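**Q** Numbering (this note's numbering), first residue to last: 386 to 668.
Take this structure, written in C-alpha cells, and hold onto it; I'll ask about it next.
Following this line, the structure appears as C-alpha cells:
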C-alpha cells in the first residue's frame, strides 16, 4: 500500500479526499496526505476531476523520508528556472521564433536533443557573447525551487544541475541555489562571439538524454550512493532516462510525453508540492 499526496485548492483537495475514502494521514493548507492507497491509484473519473480542478495527485511510497536519499539532480531550464535559456539568447539575437520552434520539438521528443541543440546554436553563430549575459539576467528561479533545494541541502543531500544548457548560465544558477555542482554543455566562443559550435562536458559528447542518465549514475557513485538513493527531475523528453533511473523521479510541469511516462509529476503547483512528498516537510 502507498501514500497519496493531494495538492491544490483546499476545497478541491478535501472534496477529493472525501471521495477517495482512504485514511487521512496529514493535513495542512493546500496539502493532504493519505495512506493505505492501492497501487492502482484512484477510481476512474477522478483523474479528469483532478485535471479540471487543478489538483496535483502524486502516488508515493509509504512514509517517504529524505533519510533514504543522498543525491538530487535537476534539469535547469523550465525546471529550476522559469526560462529556456537558449530561447532567451535567441530572442535577444533576433532569432527567437525559429529557435523556439526547434526547442519545443526537442522537448517533446520529436527530434533528437543533440541534433536540435546543434541547429539552435549554429543559428546563433556570430552573435555577441552579450546574449549569454542576457540569459543569465533572465534566469529567474521557479516558484518554490530555491526553498526545495535548500530543504534537501539541510538534510544532507548533494545537489546538482544536469542540463543540456550551457556552463556560463548553469554555474551562475548553481551558485545562486547553493548547489554542489553542475554537469552541462559549453558554448564555443572566439573573440567575444559565438562560433556556432557547442561541446559536451569536458569538451566531449553533447549532453543528451543518455548523457543525463549517465551523469546521474556517476554523481551517485561519486557520493557513495546507489541509484535508489537519488532524486531526479525535469520537464523535457531528454530528462526521461534520468527520471526513470532515479529512486525518486519526477516530472515538473513536463511536456505531455514526460507527464505521461514519469512515475509522478507536478502539473499545476510549484516545488512546494515536491517538498511535501517527504515526511520531513510535515515536521
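Ideal Cβ placement from N, Cα and C applies to all residues, glycine included.
Keep in mind that this is a model prediction, so the values were computed, not measured.
1) Between the stretch 612-629 and the stretch 587-597, can you find at least three pairs of beta-carbon atoms closer than 8 Å?
2) Pick out whichever of 569, 571 and 541 has its Cα sitting closest to the Cα of residue 563.
3) From this set, 505, 536, 511 and 504, which residue's C-alpha is nearest residue 456's C-alpha?
4) Could you tell me if residue 618 is buried or exposed, where buried requires 16 or more neighbouring beta carbons within 10 angstroms of its beta carbon?
5) Assuming residue 411 contacts residue 389 under a Cβ cut-off of 8 Å, what Cβ separation, rounded to an integer in Å, is found between them?
6) Taking its Cβ as the centre, do 16 or more other Cβ atoms sit within 10 Å of residue 460, making it buried, or is it exposed?
7) Using only the alpha-carbon positions, how far apart do residue 654 and residue 393 sit?
8) Counting Cβ pairs closer than 8 Å, one from the stretch 466-479 and one from the stretch 516-527, do we hit at least three?
9) Would you tell me roughly how many angstroms separate the C-alpha atoms of residue 566 and residue 490, rounded to the nearest one?
10) Curious, which full-length alpha helix (DSSP H) runs of at least 4 residues does the stretch 560-616 contain?
11) Is residue 445 near residue 406, with beta carbons less than 8 Å apart?
12) Do residue 570 and residue 585 have their C-beta atoms closer together than 8 Å?
13) Buried or exposed, going by whether 16 or more other CB atoms sit within 10 Å of the CB of residue 499?
14) Tell me, please, whether the stretch 630-648 touches the stretch 492-509 by the rule of three or more beta-carbon pairs shorter than 8 Å.
15) What are the residues that DSSP puts in a beta bridge with residue 471?
16) Considering Cα atoms alone, identify which of 549, 543 and 530 is closest to residue 502.
17) Helix or strand or just coil, what does DSSP make of residue 386?
18) Buried or exposed, going by whether 16 or more other CB atoms sit within 10 Å of the CB of residue 649?
19) Please look up how many angstroms separate the CB atoms of residue 600 and residue 557, rounded, as I've assumed it's under 8 Å.
20) Please report the distance separating the alpha-carbon of residue 630 from that of residue 598.
21) Might you give, ordered along the chain, the residues of its own chain that have their beta carbon closer than 7 Å to the beta carbon of residue 447, omitting 5 neighbours on each side?
22) Which value, in whole angstroms, describes the spacing of the CA atoms of residue 404 and residue 647?
23) Taking residue 440 and residue 509 to be in contact with their CB atoms under 8 Å, please state how far apart those CB atoms are, rounded to whole angstroms.
24) Compute the distance between the beta-carbons of residue 529 and residue 657, then report whether it is under 8 Å.
25) Could you tell me if residue 522 is buried or exposed, where buried requires 16 or more neighbouring beta carbons within 10 angstroms of its beta carbon?
26) DSSP has residue 506 in a bridge; who is on the other side?
27) With 16 other CB atoms within 10 Å as the buried threshold, where does residue 462 fall?
28) Can you tell me whether DSSP reads residue 383 as helix, strand or coil?
**A** Here's the rundown:
1) yes
2) 541
3) 536
4) buried
5) About 11 Å separates the two Cβ atoms, so there is no contact after all.
6) buried
7) 7 Å
8) Contact holds: three or more Cβ-Cβ distances are below 8 Å.
9) When rounded, the separation of the alpha-carbon atoms in residue 566 and residue 490 is 28 Å.
10) 594-607
11) no
12) Going by C-beta atoms, residue 570 is nearer than 8 Å to residue 585.
13) Buried is the call here.
14) yes
15) For residue 471, which the question treats as bridged, DSSP gives no partner whatsoever.
16) 549
17) Looking at residue 386 - three-state DSSP - the assignment turns out to be coil, as it is neither helix nor strand.
18) buried
19) Residue 600 to residue 557, Cβ: 19 Å. No contact.
20) So the alpha carbons of these two residues sit roughly 7 Å apart.
21) Correct list, in chain order: 386, 387, 388 and 420.
22) 26 Å
23) With 8 Å as the limit, residue 440 and residue 509 do not qualify as a contact, their Cβ atoms being about 40 Å apart.
24) yes
25) exposed
26) Beta-bridge pairing links residue 506 to no other residue.
27) The residue in question, residue 462, is buried, as its Cβ has 16 or more Cβ neighbours within 10 Å.
28) No answer is possible for residue 383: it lies beyond the span of the chain, which begins at 386 and ends at 668.
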